[in-house]
Amino acid sequence: MTNVIFSNDFDKAMAGLIIANGAAAAGYETTLFFTFWGLSLLRKDPEKPVNKNFMEKMFGMMLPKNIDGLKLSKMNMAGMGTAMMNKVMADKNVTSLKDLLKLARENGVKLVACSMSMDVMGIKESELIDGVEIGGVAMYIDELSNSSSGLFI
Amino acid sequence: MTNVIFSNDFDKAMAGLIIANGAAAAGYETTLFFTFWGLSLLRKDPEKPVNKNFMEKMFGMMLPKNIDGLKLSKMNMAGMGTAMMNKVMADKNVTSLKDLLKLARENGVKLVACSMSMDVMGIKESELIDGVEIGGVAMYIDELSNSSSGLFI
Amino acid sequence: MTNVIFSNDFDKAMAGLIIANGAAAAGYETTLFFTFWGLSLLRKDPEKPVNKNFMEKMFGMMLPKNIDGLKLSKMNMAGMGTAMMNKVMADKNVTSLKDLLKLARENGVKLVACSMSMDVMGIKESELIDGVEIGGVAMYIDELSNSSSGLFI
Chain A
1 MTNVIFSNDF DKAMAGLIIA NGAAAAGYET TLFFTFWGLS LLRKDPEKPV
51 NKNFMEKMFG MMLPKNIDGL KLSKMNMAGM GTAMMNKVMA DKNVTSLKDL
101 LKLARENGVK LVACSMSMDV MGIKESELID GVEIGGVAMY IDELSNSSSG
151 LFI
Chain B
154 MTNVIFSNDF DKAMAGLIIA NGAAAAGYET TLFFTFWGLS LLRKDPEKPV
204 NKNFMEKMFG MMLPKNIDGL KLSKMNMAGM GTAMMNKVMA DKNVTSLKDL
254 LKLARENGVK LVACSMSMDV MGIKESELID GVEIGGVAMY IDELSNSSSG
304 LFI
Chain C
307 MTNVIFSNDF DKAMAGLIIA NGAAAAGYET TLFFTFWGLS LLRKDPEKPV
357 NKNFMEKMFG MMLPKNIDGL KLSKMNMAGM GTAMMNKVMA DKNVTSLKDL
407 LKLARENGVK LVACSMSMDV MGIKESELID GVEIGGVAMY IDELSNSSSG
457 LFI
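One line per chain: the protein sequences are A, B and C, in this order.
In terms of our numbering, the first sequence opens at residue 1 and continues consecutively.
In terms of our numbering, the second sequence opens at residue 154 and continues consecutively.
In terms of our numbering, the third sequence opens at residue 307 and continues consecutively.
Structure below.
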């Protein structure tokens, strides 16, 4: 299974990671290809500050700093909806986004960051969490052609 | 064909149901797996009031009460756009959302409600329309692996 | 590969066209099926004005006039975000949306406009760019059933 994670909405990230972990648990080789807004899921604070031009700084400021910064696509209500969702998930013992991503890595899900999106948004390799590969559309098409299914999330 | 209906946007629900009915009409076994906001399409007023905690009541109030409450993802304009769309569809003899869902059931499309989403949003079985199965991600992956195609809508 | 282009967001159109061109470059027969908002990508100013009823004029006014009118799904900020994205793409030598669509046609990607969406939105054949076929859901299901993968974008 080779899925594109295009969105950085909390709810879509949740669905994407639960499906990937479900596929990996069922024994399928699974790849997640993070592109555009989806790169937000792979971001971390870099150990050393990185050089960015003005536009890259602008994008950097506007995107969530990391996976904990994601917001609901609907009913976000200035963060209240997202906080509510996090609370409900904790109450019902649903794994958090951050832990779902960690689990995906432990389950052998391959995480790929889209090189063109990184270039356009000015996201550097040192801003990505560990264990992420970098690839372009040719790599995505190649992975997809070896998969029995592929979603665009 | 096994498609995820994640969205409760009027326009995406429309596309999802038309594609499912098209696939069923062409003879394909078709499953729709309703998750997150998509659960709104399966809601009805329960015959008996159900017990809900505070958070569950909040979610219940914020989600559309049933498939007739769905709104356009764009140009909704305080409901005017959605009303306009409904009028145009009636004028052009395009089947309504509610009837498309009814047709899907009559065409043998399997409707599955995501158990984890029901739990998180506090939606009870008695709030779902008749003829809906309940299943988790394992069931989804299993159905998808037996399908020749799958969309995330 | 048979993908649905449902959205008219700048960023999703970008992803959809890059993936289609990537698939065509890798030798796959590729079809893009433009439905609902996605029809915006295929619009042009008609040579002769077309007769439209009131509702059709309303839709026509609210939709982007052509592929150059598409806007980012997030951070559009009254057009500023989209302009910023266009500038960054030009600076980094990323092909523009319009050229990606042209390239798709040159690469032999089949472009299909959804007949039912055209009818609902009142978009006439003379408002579509050259080289576009018109088809319904049966044609889509038929193309998809002959494809090894299909996305909903």
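C-beta atoms are modelled at their ideal positions from N, C-alpha and C, and glycine is treated no differently.
Whole-angstrom distance between residue j and residue i, CA atom to CA atom
i: residue 245(B); j: residue 232(B); result: 20 Å
i: residue 177(B); j: residue 152(A); result: 22 Å
i: residue 261(B); j: residue 361(C); result: 35 Å
i: residue 363(C); j: residue 441(C); result: 23 Å
i: residue 214(B); j: residue 45(A); result: 38 Å
i: residue 164(A); j: residue 116(A); result: The structure shown does not extend to residue 164(A), since chain A is modelled only from 1 through 153, so no value can be given for it.
i: residue 297(B); j: residue 182(B); result: 11 Å
i: residue 349(C); j: residue 48(A); result: 47 Å
i: residue 395(C); j: residue 119(A); result: 9 Å
i: residue 369(C); j: residue 236(B); result: 17 Å
i: residue 453(C); j: residue 205(B); result: 46 Å
i: residue 456(C); j: residue 293(B); result: 18 Å
i: residue 22(A); j: residue 291(B); result: 6 Å
i: residue 428(C); j: residue 203(B); result: 44 Å
i: residue 128(A); j: residue 65(A); result: 11 Å
i: residue 436(C); j: residue 324(C); result: 20 Å
i: residue 106(A); j: residue 255(B); result: 42 Å
i: residue 310(C); j: residue 169(B); result: 11 Å
i: residue 401(C); j: residue 248(B); result: 40 Å
Beta-carbon neighbours of residue i, restricted to chain A and to distances below 8 Å
i: residue 287(B); result: Result: empty, since nearest Cβ-Cβ is about 16 Å, beyond 8 Å.
i: residue 298(B); result: 26, 28, 148 and 149
i: residue 188(B); result: 15
Within chain B, the residues that residue i reaches when beta carbons sit closer than 8 Å
i: residue 444(C); result: 175, 178 and 179
Contacts that residue i makes with chain C (C-beta to C-beta distance below 8 Å)
i: residue 112(A); result: Within 8 Å Cβ-Cβ: nothing; residue 112(A) doesn't reach chain C, min ~14 Å.
Cβ-based neighbour list, residue i, same chain, cut-off 6 Å, excluding 5 preceding and 5 following
i: residue 264(B); result: 185 and 285
i: residue 226(B); result: 162 and 164
i: residue 71(A); result: 10 and 82
i: residue 2(A); result: 31, 143, 144, 147 and 150
i: residue 267(B); result: 188
i: residue 229(B); result: 235
i: residue 124(A); result: 50
Where the beta strand (DSSP E) through residue i begins and ends
i: residue 288(B); result: 285-288
i: residue 329(C); result: Here residue 329(C) belongs to no beta strand (DSSP E); instead the alpha helix (DSSP H) covers 316-331.
i: residue 462(C); result: Lying before the first or after the last residue shown, residue 462(C) is absent from chain C, which here runs from 307 to 459.
i: residue 227(B); result: Note, residue 227(B): premise wrong, no beta strand (DSSP E); not H, not E.
i: residue 416(C); result: 416-420
Start and end residues, alpha helix (DSSP H) containing residue i
i: residue 309(C); result: No alpha helix (DSSP H) holds residue 309(C); the beta strand (DSSP E) holding it covers 308-311.
i: residue 256(B); result: 250-259
i: residue 203(B); result: Note, residue 203(B): premise wrong, no alpha helix (DSSP H); not H, not E.
i: residue 393(C); result: 386-397
i: residue 363(C); result: 360-368
Chain-ordered neighbours of residue i on chain C, where CB pairs are closer than 9 Å
i: residue 141(A); result: 307, 325, 328, 329, 331, 332 and 334
Partners in chain C for residue i, counting only beta-carbon separations shorter than 7 Å
i: residue 54(A); result: Under the 7 Å cutoff, chain C gives no residues; its nearest Cβ is about 10 Å from residue 54(A).
i: residue 120(A); result: 394, 395, 398 and 400
Neighbourhood of residue i by C-beta distance below 7 Å, restricted to the same chain and skipping five residues each side
i: residue 6(A); result: 35, 36, 37, 38, 152 and 153
i: residue 374(C); result: 404
i: residue 212(B); result: 274 and 275
Sequence-distant residues of the same chain with beta carbon closer than 8 Å to residue i, five excluded per side
i: residue 167(B); result: 250 and 253
Whole-number beta carbon distance between residue j and residue i, since they are thought to touch under 8 Å
i: residue 86(A); j: residue 40(A); result: Not confirmed; about 17 Å, so no contact.
i: residue 332(C); j: residue 410(C); result: With a Cβ gap of about 14 Å, residue 332(C) and residue 410(C) do not count as contacting.
Beta-carbon neighbours of residue i, restricted to chain B and to distances below 7 Å
i: residue 368(C); result: 228
9 Å Cβ cut-off: residues of chain A touching residue i
i: residue 458(C); result: 151 and 152
i: residue 390(C); result: 55, 58 and 59
Amino acids of chain B, ordered along the chain, whose beta-carbon sits closer than 9 Å to that of residue i
i: residue 312(C); result: 164, 165, 168 and 306
i: residue 266(C); result: The question about residue 266(C) has no answer here: the residues shown for chain C are numbered 307 through 459.
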